[in-house]
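Colleague: For reference, the structure I am asking about is given below.
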Amino acid sequence: MTHLVFEQNPQGRDFFISDIFGHKRKFERALARVGFNADAGDRLFCVGDLVDRGEDNLEILGKQLHWNSFHSIIGNHEVMLMEAFENNQQDQDFDIYSFGRSSTAHAANGGKWFSMLRPATREQAVWGRAVLQDFLAGRDVAPVNGIDAVVHGHTLVTQPI
Numbered sequence: 001m002t003h004l005v006f007e008q009n010p011q012g013r014d015f016f017i018s019d020i021f022g023h024k025r026k027f028e029r030a031l032a033r034v035g036f037n038a039d040a041g042d043r044l045f046c047v048g049d050l051v052d053r054g055e056d057n058l059e060i061l062g063k064q065l066h067w068n069s070f071h072s073i074i075g076n077h078e079v080m081l082m083e084a085f086e087n088n089q090q091d092q093d094f095d096i097y098s099f100g101r102s103s104t105a106h107a108a109n110g111g112k113w114f115s116m117l118r119p120a121t122r123e124q125a126v127w128g129r130a131v132l133q134d135f136l137a138g139r140d141v142a143p144v145n146g147i148d149a150v151v152h153g154h155t156l157v158t159q160p161i
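Below, the structure is given as structure tokens:
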């Protein structure tokens with residue numbers, strides 16, 4: 001298994017964010033509130049859940065793909081998106097009572113927007129599917145935007161680390 005180590009940021013500041021859920025305006029307001037400036041060397045690390053619930057999912061994914069200063073890992077909502085795609089969940093209606101289907105979990109957690117996309121757009125939205133599959137199978141993978149893999153989990157702590 002490979003991993004990426006980020007050196008201390010000598011130019012700017014590092015910010016960590018999660019649970020964007022496709023809400024572009026809230027995301028941009030949060031960045032503005034802290035004065036985020038990628039041109040000045042600031043870096044942004046998202047620890048999962050870029051998509052679902054909001055209306056700007058593709059724009060948020062686009063930012064992650066095209067900003068050199070934006071590094072992200074796959075959260076449970078991205079996993080549900082990829083599983084829905086893998087299960088060929090496309091234009092049919094979601095049935096939140098069909099337990100055991102990942103597409104059901106994805107829809108129940110805000111992912112119905114994905115079924116409304118054109119197939120070509122849907123394919124683009126699942127940006128790292130092949131890389132993730134290779135990584136999980138233990139095969140070497142080429143870096144995606146300079147990141148091989150980042151692992152994220154919900155670990156409760158009583159105080160900041």
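Going by full-length UniProt numbering, the residue at position 2 of the sequence shown is 2; the numbering climbs one at a time, nothing skipped. By construction, the Cβ of each residue, glycine as well, lies at the ideal position given by its N, Cα and C atoms.
(1) What's the C-alpha gap between Glu7 and Asp14?
(2) Our contact map puts Gly35 next to Gly12 with C-beta atoms below 8 Å; I'd like the distance itself, whole angstroms only.
(3) By the 10 Å Cβ neighbour count, where 16 or more other Cβ atoms means buried, how is Arg43 classified, buried or exposed?
(4) Where Asp52 and Pro10 are concerned, what is the direct C-alpha to C-alpha distance, given to the nearest angstrom?
(5) Whose C-alpha, out of Gly22, Arg33, Phe70, is nearest the C-alpha of Asp39?
(6) Where does Phe27 land, buried or exposed, given buried means 16+ other C-beta within 10 angstroms?
(7) In this structure, how does DSSP classify Leu44 when only helix, strand and coil are distinguished?
Modeller: Answer, in terms of the structure:
(1) Just so you know, the alpha carbons of Glu7 and Asp14 end up roughly 11 Å apart.
(2) Not quite, the Cβ-Cβ distance comes to about 10 Å (not below 8 Å), so this is no contact.
(3) Label assigned to Arg43: buried.
(4) Distance from the CA of Asp52 to the CA of Pro10, rounded to the nearest whole angstrom, comes to 34 Å.
(5) The closest CA to that of Asp39, considering only Gly22, Arg33, Phe70, is found on Phe70.
(6) By the 10 Å Cβ count, Phe27 comes out buried.
(7) It is a strand residue.
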